[in-house]
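This report concerns only the one structure given below.
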Amino acid sequence: MRHVILGTAGHIDHGKTALIKALTQIDCDSHKEEKERGITINLGFAHMNLPSGESVGIVDVPGHKDFIKTMVAGAFGIDIVLLVVAGDSGIMPQTREHFRILELLGVSTGIVVITKKDLADEEMLELVELEIEELIDDSPFESAPVVKVSSITGEGLDELVKVISETVFQIKEKSSRDIFRMYIDRVFNVKGIGYVVTGSVLGGHLETGANLYLLPGKGKQLKARAMERHGLAVDRVESGDRAALNLSGFKIEDYQRGMVLTDRILEETSMIDATFRLFADEQLGVWSKVIFYSGTFESAAKMHVLNKDSLQKDESAIVQIHLEKPVVLMNKDKFILRNSSNDLTLGGGVIMDIKPLHHRRRTPKLIQALTDLAEATLNSDQQFKIIKIELEKEKRPVFADELAELLKLHADELLDECTENNDGTVIIQNIVGKNILISSELQHEYETTIISLLQQHHEANFLIDEGLDANELIGKLGLKEIESAKIYLPGLLESMEKRGLVRKVRNTWSLMDHQVHIDKKTQQQLDWLETTLLTYNKQTPLNKEIEAGAYAQKISKEHLKLLLKYMVHAGKVLTSEGEYIHVKIVEEIKRKLIPVLIEKERGINEKEFRLLFDSTKNFVKTMIRILVDEGLITKSEFYIHITEKGKNDTA
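Offset between the sequence shown (1-based) and our numbering: plus 98.
Following this line, the structure appears as structure tokens:
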């Protein structure tokens with residue numbers, strides 16, 4: 099089954115709606131005002147069952163210049179356009195305007211239908227054909243078939259149906275794996291059923307019972323209770339279908355025109371980077387007030403031209419658009435801009451970044467980066483380039499799933515692109531089952547920074563062989579809140595170890611060539627410090643006393659800390675909460691204390707501990723903490739008890 103939407107375009111009163119009625123027997127002018135005025139005001143919808151068994155959805159757009167925004171909403175998402183030109187009047191202003199809008203929206207497959215054949219003579223029809231040839235020359239429609247019909251007599255309709263059938267099979271089938279998106283173009287309440295919304299499915303697929311979200315908004319979850327495709331109940335709709343959805347949980351007060359239904363919550367935006375082409379006979383400066391249209395969404399906006407100082411007719415530029423209202427868009431979506439008075443279509447373009455930085459300055463570096471992004475966005479074979487640009491913009495390791503979601507790709511598609519087209523600028527790491535991507539340039543920066551951080555650490559701690567652990571490095575690299583970094587960095591450090599740049603020292607990382615060297619002067623200072631700590635015996639030395647002694651030895655506070663740190667790492671001193679006790683004293687305490695604790699089943703209290711060794715309260719508290727940390731004793735509110743490990747330690 100093909101999933102294709104057919105749309106009309108053309109000037110008012112050229113017979114678009116009559117043509118659809120002749121083809122489908124469905125009158126798209128269903129509103130009272132349309133009947134009274136004899137013109138199409140709202141979008142009309144129908145479907146057409148082809149002889150091949152295929153069914154195509156149809157969107158009929160208004161041709162009046164006052165309803166261009168409605169035309170844009172209808173044209174957004176169509177696959178084949180019927181460009182309608184009346185045989186008795188030829189090309190008219192809205193014919194040209196609709197034609198340019200179709201080009202800008204990326205509609206590249208069309209059929210030119212010359213209507214009202216019964217009202218024009220051969221000479222007039224030939225003249226109209228020449229006008230059409232001139233219009234479509236050097237455009238995506240230059241090879242489009244031209245069919246002459248009369249909706250009144252039926253002449254030419256069979257040929258048109260045949261051409262439509264053939265053209266349908268030229269449309270490339272869309273992926274049903276994309277994100278489901280559908281702009282809502284109609285909402286109505288059906289008695290006994292509830293709210294029903296209709297729209298053209300722009301991407302993905304949806305099955306009955308699936309959850310949906312109405313965005314932008316509060317992200318309230320809805321459910322597709324039932325659905326129809328082209329008037330028939332179905333269990334699944336796909337990209338390219340006209341669909342009607344009966345939604346449970348939908349409230350009319352939550353809905354505003356321009357909202358989109360999605361199968362997952364997508365981030366809203368009010369600023370985009372895009373390419374823009376001006377087709378109006380106007381000149382635009384660096385800043386312009388405009389009205390932005392994409393799908394059914396409409397918003398006042400300001401457009402900032404980034405790579406030019408002015409824009410002339412038929413020129414293109416890279417722009418940043420600041421919207422007054424938030425919207426949910428996707429990269430590569432098309433849009434149309436009209437002037438602030440909404441009486442002139444200026445042009446349109448393609449969105450290339452829905453999450454850009456605010457470009458306050460138009461620097462050469464920025465313009466080059468945006469030019470590269472524009473080139474990649476407009477060329478479907480440059481998907482890898484877009485991946486690379488996005489990675490460079492993120493400036494962090496990124497989960498493949500996360501990047502795929504950002505670029506609206508599937509993770510396996512993204513990984514395939516990186517594997518097949520990688521030029522060495524993107525690194526993929528699979529760690530504990532997670533694929534993480536990072537630009538090679540950023541990884542090199544991380545390695546350089548890690549080496550610099552370890553050098554600084556070793557210079558400040560030259561007596562210590564240990565370096566920094568992975569968590570410390572993550573913090574110093576500014577990646578503390580980045581979940582992917584916690585997985586990525588240990589893998590990077592292991593890679594650096596294999597290349598001989600760093601080595602593992604206990605639970606830390608040091609530079610491969612870092613060695614502890616103790617000179618004669620430093621050894622004398624260490625000997626003095628060890629002797630000093632031993633003299634305190636069953637007392638805890640006060641830090642200020644040690645500092646005073648160090649000062650007399652011409653040892654600074656910072657250097658004293660390093661000496662103490664070295665002695666702890668060398669296993670000569672134990673520390674707890676900033677207090678230091680020589681390991682010989684601790685061992686002596688353990689030899690005397692543990693036999694006592696084994697004999698006393700109830701344990702001993704702190705006072706008994708102090709009396710046992712004629713020591714100070716502070717010393718006892720420090721010793722208790724050390725022995726608890728070693729797992730030799732436990733401390734309840736009043737008593738100290740021996741552990742099994744403590745018993746075995748003396749066995």
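All C-beta atoms, glycine included, are put in the ideal place defined by N, C-alpha and C.
For serine 414, the closest alpha carbon among the candidates Arg459, Leu310, Ala472 is that of Ala472. A direct Cα-Cα distance of roughly 10 Å separates serine 206 from glutamate 240.
Taking a contact to require three or more Cβ pairs closer than 8 Å, the segment 246-260 and the segment 201-219 qualify as touching. Within the segment 395-421, the complete beta strand (DSSP E) runs of at least 3 residues fall at 395-403.
For serine 237, the closest of Glu264, Ile199, Val259 by C-alpha to C-alpha distance is Ile199. DSSP, reduced to helix, strand and coil, places serine 241 outside both helices and strands of the structure shown, so it counts as coil.
In chain order, Leu566, Leu571, Lys574 place their CB closer than 7 Å to the CB of leucine 551, counting only its own chain and leaving out the 5 sequence neighbours on each side. Arg194 is the residue among Arg194, Arg100, Lys596, Arg362 whose C-alpha sits nearest the C-alpha of leucine 444. In the three-state reduction of the DSSP assignment, histidine 196 falls in the helix class, which pools H, G and I. Beyond the five residues adjoining it in sequence on each side, leucine 300 comes within less than 6 Å, by CB distance, of Gly175, Arg279 in the same chain, given in chain order.
Looking at the DSSP output, lysine 491 shares a beta bridge with no other residue. Non-local C-beta neighbours of methionine 369 in its own chain, meaning closer than 8 Å and more than five positions away in sequence, comprise Gln418, Ile419, His420, Leu421, Pro454, His456, ordered along the chain. Contact between glycine 290 and isoleucine 363 does not hold, since the beta-carbon distance rounds to 31 Å and is not under 8 Å. Phenylalanine 736 has its alpha-carbon roughly 34 Å from the corresponding atom of threonine 629.
The closest CA to that of proline 149, considering only Gly589, Asp256, Lys119, Lys432, is found on Asp256. DSSP places glutamine 613 outside both helix and strand once states are collapsed to three, so it counts as coil. Leaving aside the five residues that flank isoleucine 103 on each side, the residues in its chain whose CB is nearer than 8 Å to its CB run, in chain order, Val154, Gly155, Ile156, Val157, Gly175, Ile176, Asp177, Ile178, Ser298, Gly338, Asp339, Arg340.
Residue range 524-529 is occupied by the beta strand (DSSP E) that includes glutamine 527.
Between threonine 373 and valine 448, the C-beta spacing is below 8 Å. Contact annotation, leucine 359 with leucine 310: C-beta distance approximately 5 Å; criterion of less than 8 Å satisfied.
With 16 or more other CB atoms across the displayed protein chains lying within 10 angstroms of its CB, tyrosine 544 is buried. When rounded, the separation of the alpha-carbon atoms in glutamate 539 and isoleucine 529 is 20 Å.
A distance of 8 Å or more separates the beta carbons of valine 226 and glycine 292. Take the alpha-carbon of methionine 169 and the one of isoleucine 548: they are about 57 Å apart.
A check of alpha carbon separations from arginine 458 across Gly393, Arg494, Val384 identifies Val384 as the nearest.
Contact check for proline 495 and serine 582: beta-carbon distance about 5 Å, within the 8 Å limit, so the pair qualifies. Across the structure, glycine 142 and valine 159 are spaced so that their CA atoms are roughly 6 Å apart. In this model, asparagine 569 and leucine 632 are separated by some 35 Å (Cα to Cα). Taking 8 Å as the upper bound for CB-CB distance, valine 261 and proline 243 are in contact here, some 5 Å apart. Where serine 593 is concerned, there is no enclosing beta strand (DSSP E), although the alpha helix (DSSP H) around it starts and stops at 581-596. For the set Gly113, Leu435, Lys596, Glu675, the Cα lying nearest the Cα of lysine 387 is the one of Leu435.
Proximity of the segment 721-739 to the segment 662-678 meets the contact definition, three or more beta-carbon pairs being nearer than 8 Å. Residues of the same chain with a CB within less than 8 Å of the CB of isoleucine 487, apart from the 5 flanking positions on each side, are Ala467, Asp470, Leu471, Ala474 in chain order. Per DSSP, the beta bridge partners of methionine 280 are Val299, Leu359. According to the DSSP secondary-structure assignment, leucine 104 is paired through a beta bridge with Ile156, Ile178. In this structure, the straight-line span from the alpha carbon of glycine 108 to that of leucine 117 is close to 12 Å.
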